[in-house]
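Shown next as structure tokens:
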């Protein structure tokens, strides 16, 4: 696991005022270590999310259905999230938020997708935010970034629920190699995203809206906008900054989605019920397992295992995410994990191994090599 990247003491020590111009220029060059490919640049020349090309519905037919909440199931996750909302106090009557709320309400499929695909991950994300005492509106950020699709890929090669570009992923110690991309990993990318958001929150002196804008556009670009406004005697809050078109809509869309989650009946929307209970459990692995083989043994559809373990290419090592009930069965039958760790035998290999009478001789499989 990685550590949060602390703000540079040298940068934090530069005083405001005349020196701010130099500071803004410096930060713009290192905002994501790839100034031309920041998270916010990936649709720089297109209408904000107009194409939603990454918002293909995730497979939901194999999800273990979480029914209406009850005292036994721990209540509603939506209700728990509302209790932790802290960014909505001053959002009523803001024209840009109203516009984005109308945009969302005109697209009920977006809200349905948020609930259905998000039901896999939201309980975990909310729990991680609670540990850090961060606003629970941030749990909805993957809906804006990726539609809660961990396989989402942008034209600028941003990946995963939280849409990390390669350089920012490396900055937050997310491994990227041919057979494994940790930007897609649910726990690791969530940790990295919350590290990054925490850093931006501190960098912008506790202003979450500026932090969110910088998550989209890069801290240097937001700082430059602040410097320009300060030089002209203008307000330097998010709503008064001149930022790229996508960023102008990015924060209002998150706040508008939060409004709909906060008071759905007021806006006539229906949210898919999500119980306040874990959807998946992490299982430690002594050796890598093959997801296709594990799917056959466990009864969990392979697509579902891949949506929970999307970082590798059908093989998982170190830890495995499984739906809770399936993980309990798995832990009760450790031999299942051992079998899933064996290499698959193809139909051709089975035919070669079968004797003339058609009854296959028992085969001794070699242990799979280590790796992901």
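In the UniProt record's numbering, the protein residues as written are 1 to 372.
Built from N, CA and C at the ideal position, the CB exists for glycine as well.
How big is the Cα-Cα spacing for residue 287 and residue 266?
-> The residue you call residue 287 lines up with position 287 of the chain shown. The residue you call residue 266 lines up with position 266 of the chain shown. Rounded to whole angstroms, residue 287 to residue 266 spans 51 Å at the Cα level.
Roughly how many whole angstroms lie between the Cα atoms of residue 204 and residue 151?
-> Residue 204 sits at position 204 when you count from the first residue of the chain shown. Residue 151 sits at position 151 when you count from the first residue of the chain shown. Counting only the Cα atoms, residue 151 lies some 31 Å from residue 204.
Can you find at least 3 beta carbon pairs, one from the stretch 81-98 and one from the stretch 249-258, that sit closer than 8 Å?
-> They touch, by the three-pair rule.
Would you check if there are 3 or more beta carbon pairs closer than 8 Å linking the stretch 132-145 to the stretch 279-294?
-> Short answer: they don't touch.
Between the C-alpha atoms of residue 61 and residue 303, what's the straight-line distance to the nearest angstrom?
-> Residue numbering aside, residue 61 sits at position 61 when the chain shown is read from its first letter. Residue numbering aside, residue 303 sits at position 303 when the chain shown is read from its first letter. Bear in mind that a pLDDT of 34 at residue 61, under 50, signals an unreliable position, so the model cannot answer this.
According to DSSP, residues forming a beta bridge with residue 315 = Locating residue 315 in the chain shown gives position 315, counting from the first residue. DSSP, once it has assigned bridges, lists 290 as partnering residue 315.
Reduced DSSP category for residue 73 - H, G, I as helix; E, B as strand; rest coil = As a first step, residue 73 must be located in the chain shown, where it is residue number 73. For residue 73, the pLDDT reaches just 46, beneath the cut-off of 50, and the residue's location in the model is therefore unreliable, although a value from the coordinates is still provided. Note: residue 73 maps to helix in three-state DSSP.
So, are the CB atoms of residue 148 and residue 161 less than 8 Å apart?
-> Sequence index remark: in the chain shown, residue 148 carries index 148 (1-based). Sequence index remark: in the chain shown, residue 161 carries index 161 (1-based). The Cβ-Cβ distance between residue 148 and residue 161 falls below 8 Å.
Considering only C-alpha positions, which residue in the set 226, 314, 177 and 192 is nearest to residue 168?
-> On the chain shown, residue 168 is found 168 positions in, with the first residue counted as 1. Of the candidates 226, 314, 177 and 192, the residue whose Cα lies closest to the Cα of residue 168 is 192.
Can you tell me the Cα-Cα spacing of residue 154 and residue 146, whole angstroms?
-> By one-based count along the chain shown, residue 154 stands at place 154. By one-based count along the chain shown, residue 146 stands at place 146. Rounded to the nearest whole angstrom, the C-alpha separation of residue 154 and residue 146 is 9 Å.
DSSP beta-bridge partners of residue 322 = Residue mapping note: residue 322 aligns to position 322 of the chain shown, counting from 1. According to DSSP, residue 322 bridges with 281.
Count the CB pairs spanning the stretch 204-222 and the stretch 239-250 that are closer than 8 Å, and state whether there are at least three.
-> Yes: at least three Cβ pairs fall under 8 Å.
If you run the structure through DSSP and keep just helix, strand and coil, what is residue 159?
-> Taking the first residue of the chain shown as 1, we reach residue 159 at position 159. Reduced to three states, the DSSP call for residue 159 is strand.
Just the C-alpha distance for residue 126 and residue 280, rounded to the nearest angstrom, thanks.
-> Position 126 of the chain shown holds residue 126. Position 280 of the chain shown holds residue 280. The alpha-carbon atoms of residue 126 and residue 280 are separated by roughly 13 Å.
Just the Cα atoms here: how many angstroms apart are residue 110 and residue 80?
-> On the chain shown, residue 110 is found 110 positions in, with the first residue counted as 1. On the chain shown, residue 80 is found 80 positions in, with the first residue counted as 1. Taking the straight line from one Cα to the other gives about 21 Å.
Are there three or more Cβ pairs, one per stretch, closer than 8 Å when the stretch 323-342 is compared with the stretch 290-308?
-> Of all C-beta pairs linking the stretch 323-342 to the stretch 290-308, three or more are shorter than 8 Å, placing the two stretches in contact.
Going by C-alpha distance, which of 132, 251, 177 and 179 is nearest residue 142?
-> Residue 142 sits at position 142 when you count from the first residue of the chain shown. Of 132, 251, 177 and 179, the smallest CA-CA separation from residue 142 is found for 251.
Could you tell me whether the Cβ atoms of residue 198 and residue 132 are closer together than 8 Å?
-> Locating residue 198 in the chain shown gives position 198, where the first residue counts as 1. Locating residue 132 in the chain shown gives position 132, where the first residue counts as 1. In contact: residue 198 and residue 132 (Cβ atoms closer than 8 Å).
Would you give the residue range spanned by the alpha helix (DSSP H) that residue 307 belongs to?
-> Within the chain shown, numbered from 1, the residue matching residue 307 stands at position 307. Its alpha helix (DSSP H) spans residues 302-308.
Start-to-end residues for the alpha helix (DSSP H) that takes in residue 95 | Position 95 of the chain shown, counted from the start, is the residue given in the question as residue 95. Per DSSP, residue 95 belongs to the alpha helix (DSSP H) from 95-105.
Which partner residues does residue 164 have in the DSSP bridge list?
-> Reading the chain shown from its first residue, position 164 is the one you call residue 164. Partner(s): 159.
If you follow the alpha helix (DSSP H) that residue 184 is part of, which residue opens it and which one closes it?
-> Along the chain shown, one-based indexing puts residue 184 at 184. Where residue 184 is concerned, there is no enclosing alpha helix (DSSP H), given that its DSSP letter is neither H nor E.
Quick one: residues in its chain with C-beta nearer than 8 Å to the C-beta of residue 88, no 5 flanking neighbours on either side, listed in chain order?
-> Here residue 88 corresponds to residue number 88 of the chain shown, with the count starting at 1. If the five residues before and after residue 88 are omitted, its C-beta is found closer than 8 Å to the C-beta atoms of 137, 255, 258, 259 and 262, all from its own chain and listed in chain order.
Separation of residue 321 from residue 314, as counted between CA atoms = Counted from its first residue, the chain shown places residue 314 at position 314. Counted from its first residue, the chain shown places residue 321 at position 321. Rounded to whole angstroms, the separation of the alpha carbons of residue 321 and residue 314 is 13 Å.
Cβ of residue 332 less than 8 Å from any chain D Cβ?
-> Absence of chain D from the displayed structure is noted, only one protein chain being present.
Take the Cβ of residue 325 as the centre, count every other Cβ of all protein chains shown within 10 Å, and call the residue buried at 16 or more, exposed below.
-> In the chain shown, residue 325 corresponds to position 325, counting from 1. Classification for residue 325: exposed.
Just how far apart, CA to CA, sit residue 289 and residue 85?
-> Against the chain shown, residue 289 aligns to sequence position 289. Against the chain shown, residue 85 aligns to sequence position 85. The C-alpha of residue 289 lies about 39 Å from the C-alpha of residue 85.
Leaving out five residues on either side along the sequence, give the residues of the same chain with a beta carbon under 8 Å from the beta carbon of residue 385.
-> Residue 385 lies beyond the residue range present for the chain, which begins at 1 and ends at 372; the question has no answer from this structure.
First and last residue of the uninterrupted alpha helix (DSSP H) at residue 267 | Within the chain shown, numbered from 1, the residue matching residue 267 stands at position 267. Counting along the chain, the alpha helix (DSSP H) containing residue 267 begins and ends at 264-267.
The alpha helix (DSSP H) spanning residue 208 covers which residue range?
-> On the chain shown, position 208 is the one that residue 208 refers to. Looking at the DSSP string, the run of the alpha helix (DSSP H) that includes residue 208 is 208-217.
Taking the C-alpha atoms as reference points, what is the distance between residue 184 and residue 171?
-> As a position in the chain shown, residue 184 is number 184, starting the count at 1. As a position in the chain shown, residue 171 is number 171, starting the count at 1. A straight line joining the alpha-carbon of residue 184 with that of residue 171 spans about 15 Å.
From residue 180 to residue 120, what does the alpha carbon distance come to, in whole angstroms?
-> Position 180 of the chain shown, counted from the first residue, corresponds to residue 180. Position 120 of the chain shown, counted from the first residue, corresponds to residue 120. Near 21 Å, if we compare the C-alpha coordinates of residue 120 and residue 180.
For residue 341, name the three-state secondary structure that DSSP assigns.
-> Sequence index remark: in the chain shown, residue 341 carries index 341 (1-based). Of the three classes helix, strand and coil, the one that applies to residue 341 here is coil, per DSSP.
Go ahead and pull the three-state DSSP assignment for residue 153.
-> Taking the first residue of the chain shown as position 1, residue 153 is located at position 153. Three-state DSSP puts residue 153 in a strand.
What's the C-alpha gap between residue 235 and residue 195?
-> Along the chain shown, one-based indexing puts residue 235 at 235. Along the chain shown, one-based indexing puts residue 195 at 195. Computed Cα separation, rounded: 28 Å.
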